[in-house]
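Number of protein chains: 2
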Amino acid sequence: MLQAPVQVLAFDVFGTVVDWHGSITREVTQRYPHVDADAFVRAWRSGYKPAMAKVAGAELGWTRIDDLHRMILEDLLPHFGLSHLGEASRRELNQAWHRLDPWTDVVTGLKRLKSKYILCTLSNGNMSLLTHLSKHGGLPWDCIFSAETFRAYKPDPRTYLGVAEWLDVAPQEVMLVATHQDDLDAARSCGLQTAYIDRPTEWGDPAHKTEPVGSNNTLRAANFLDLADLLCG
Amino acid sequence: MLQAPVQVLAFDVFGTVVDWHGSITREVTQRYPHVDADAFVRAWRSGYKPAMAKVAGAELGWTRIDDLHRMILEDLLPHFGLSHLGEASRRELNQAWHRLDPWTDVVTGLKRLKSKYILCTLSNGNMSLLTHLSKHGGLPWDCIFSAETFRAYKPDPRTYLGVAEWLDVAPQEVMLVATHQDDLDAARSCGLQTAYIDRPTEWGDPAHKTEPVGSNNTLRAANFLDLADLLCG
């Protein structure tokens, strides 16, 4: 049940809007059929939070996700028999994160939601990555907010409060939509409303998605069509 | 003739994309029929560059266009017999800048251009204003850049170079599209390509649009349909 009228829906992107596991698995399988693509992409994604933590902890200066993805990739290649890849192949593979497909419910759901709400991203992806994903998937955002906008990664409060401030609304008029409970918890502690989206195959086999779902999200929806049913009546 | 392949079209908004003079004139005429709406809106817009110059010159700290518009409005009201307006009416009138209509060629032209280029704004308008304008007019941007993004107003080089940096392209792969020669000149000095758009009635009577058009713009187009003809072949 809504705590206050919502003006803005701010969407987490990786996993919530786009299927990173499926998209990169398909691409790796096609390029390197001998590689265990499922394990490869899970390892790549698993390096993401530790890498961002290095930025948040000032061990690294401000670093874009593109560069973090590349650093993780460099560590990963020897473990998957891909040490021989040259610079162009490495760069091209890293760009796979700019070509992620949306889940099948996303475009239709966003179009319905857009008639009633301001739709924006709030993602740790950098601006060029998010713009390329939007173009690739035909995602009808009203505007794009990136960690780059605020020079801080979620769950830093500056990101959640930044959306409200820049769109000139109160924090409780913003609802974060995500399939990650830790992201939603951080948003709620800044005063935002929250919607949990089930994406059981985010990591491939549902057994790999282990984070518990909280009980105090404002809404929980199976997908964006369900979210539109809940929010557009 | 293009100097290099263009990846990104960055659009000035006030006057280039939206008809501020016509939109605000209509709104003022409807609300306050005794006011000379044409003179009123020209005076309001004329206060804009001096106000931004105060921010650029550090006489004012960082100030959003919404707040600059409001400061100018406060000075203007007594001259147009509107001193009696209360706070709610003043706020509502100031929000007219969030309800500007696009020129009639804009949506069709942008949709054609979007098939080939990344389309973004590069405007001194603040993020909420630009988002509201996009929603109001159905403008299909890939992303929105505001002076607020870079905390600097055009013609500060950080704005033009910021678009290239954030979208991860070279400056010459960005083309600024504007109906203001000074904006285009500043962009060109940062290495961007430029397209001048004729908007002869930007200030109402064409006699009020007096800035000369330079001869070294990359392109010149009558409107966005003409621009799409030039850029999409």
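Taken in sequence, the protein lines are chains A and B.
Residues in the first sequence are numbered consecutively from 1, following this note's numbering.
Residues in the second sequence are numbered consecutively from 234, following this note's numbering.
Positions of the beta carbon are idealized from the N, C-alpha and C atoms, including for glycine.
Measure the alpha-carbon distance for residue i versus residue j and round it to whole angstroms.
i: L230 (chain A); j: C376 (chain B); result: 27 Å
i: S46 (chain A); j: M360 (chain B); result: 33 Å
i: H441 (chain B); j: N216 (chain A); result: 58 Å
i: N456 (chain B); j: R432 (chain B); result: 8 Å
i: W141 (chain A); j: L119 (chain A); result: 5 Å
i: V17 (chain A); j: A221 (chain A); result: 13 Å
i: Q30 (chain A); j: V274 (chain B); result: 59 Å
i: L306 (chain B); j: L227 (chain A); result: 41 Å
i: P266 (chain B); j: D299 (chain B); result: 24 Å
i: A187 (chain A); j: R70 (chain A); result: 28 Å
i: L315 (chain B); j: V410 (chain B); result: 36 Å
i: Y350 (chain B); j: C465 (chain B); result: 9 Å
i: L225 (chain A); j: G109 (chain A); result: 5 Å
i: A241 (chain A); j: A96 (chain A); result: Within the shown structure, residues of chain A are numbered from 1 to 233, placing residue 241 (chain A) beyond reach of any answer.
i: V241 (chain B); j: H132 (chain A); result: 12 Å
i: V261 (chain B); j: R64 (chain A); result: 46 Å
i: K368 (chain B); j: S115 (chain A); result: 9 Å
i: A321 (chain B); j: T149 (chain A); result: 32 Å
i: A291 (chain B); j: L167 (chain A); result: 24 Å
i: F313 (chain B); j: D269 (chain B); result: 8 Å
i: P335 (chain B); j: I257 (chain B); result: 12 Å
i: L417 (chain B); j: R384 (chain B); result: 20 Å
i: K282 (chain B); j: E325 (chain B); result: 22 Å
i: H331 (chain B); j: D252 (chain B); result: 12 Å
i: L100 (chain A); j: E211 (chain A); result: 23 Å
i: L301 (chain B); j: L68 (chain A); result: 39 Å
i: R26 (chain A); j: R259 (chain B); result: 54 Å
i: E165 (chain A); j: N327 (chain B); result: 18 Å
i: P388 (chain B); j: D75 (chain A); result: 43 Å
Can you pull the DSSP bridge partners for residue i?
i: R220 (chain A); result: A:Y196
i: P102 (chain A); result: A:V18
The beta strand (DSSP E) that contains residue i, what's its start and end?
i: S123 (chain A); result: I118 to S123
i: V410 (chain B); result: V407 to A411
i: L242 (chain B); result: V241 to F244
i: S379 (chain B); result: C376 to S379
For residue i, which residues of its own chain have a beta-carbon under 7 Å away from its beta-carbon, when the five flanking residues on both sides are left out?
i: G371 (chain B); result: V340
i: C423 (chain B); result: P390, Y393, L394 and P404
i: Q3 (chain A); result: Q172, Q193 and T218
i: D105 (chain A); result: N223, F224 and L225
i: V169 (chain A); result: Q7 and V8
I'd like the list of long-range same chain contacts for residue i, defined as Cβ closer than 8 Å, with 5 residues on each side in sequence excluded.
i: G61 (chain A); result: V55
i: T412 (chain B); result: D245, G248, T249, Y429, I430, D431, R432 and E435
i: P238 (chain B); result: E406
i: L130 (chain A); result: V13, T121, S123, I144 and S146
i: L310 (chain B); result: S316, L318 and R323
i: P206 (chain A); result: P200
i: K344 (chain B); result: P373
i: L113 (chain A); result: L9, L119, F224, L227, A228, L231 and C232
Excluding the five sequence neighbours on either side, which residues of its own chain have a C-beta within less than 6 Å of the C-beta of residue i, listed in chain order?
i: M533 (chain B); result: Look at the range of chain B in this structure, 234 to 466, and you will see that residue 533 (chain B) is not part of it.
i: V163 (chain A); result: A10, L122, F145 and V174
i: G447 (chain B); result: Q414
i: A147 (chain A); result: N124 and Y153
i: G437 (chain B); result: H254 and D271
Between which two residues does the alpha helix (DSSP H) containing residue i stretch?
i: S115 (chain A); result: Run containing S115 (chain A): none; DSSP gives neither H nor E here.
i: T303 (chain B); result: Reading the sequence as shown, one finds Arg at residue 303 (chain B) and not Thr. Counting along the chain, the alpha helix (DSSP H) containing R303 (chain B) begins and ends at I298 to L309.
i: Y160 (chain A); result: P157 to W166
i: K49 (chain A); result: Y48 to A56
i: H365 (chain B); result: M360 to G370
i: Q181 (chain A); result: Q181 to S189
i: L93 (chain A); result: E87 to N94
Heavy atom of the ligand SAH less than 6 Å from the Cβ of residue i, yes or no?
i: Q95 (chain A); result: Annotation note on the ligand SAH: not contained in the displayed structure, which lists no ligands.
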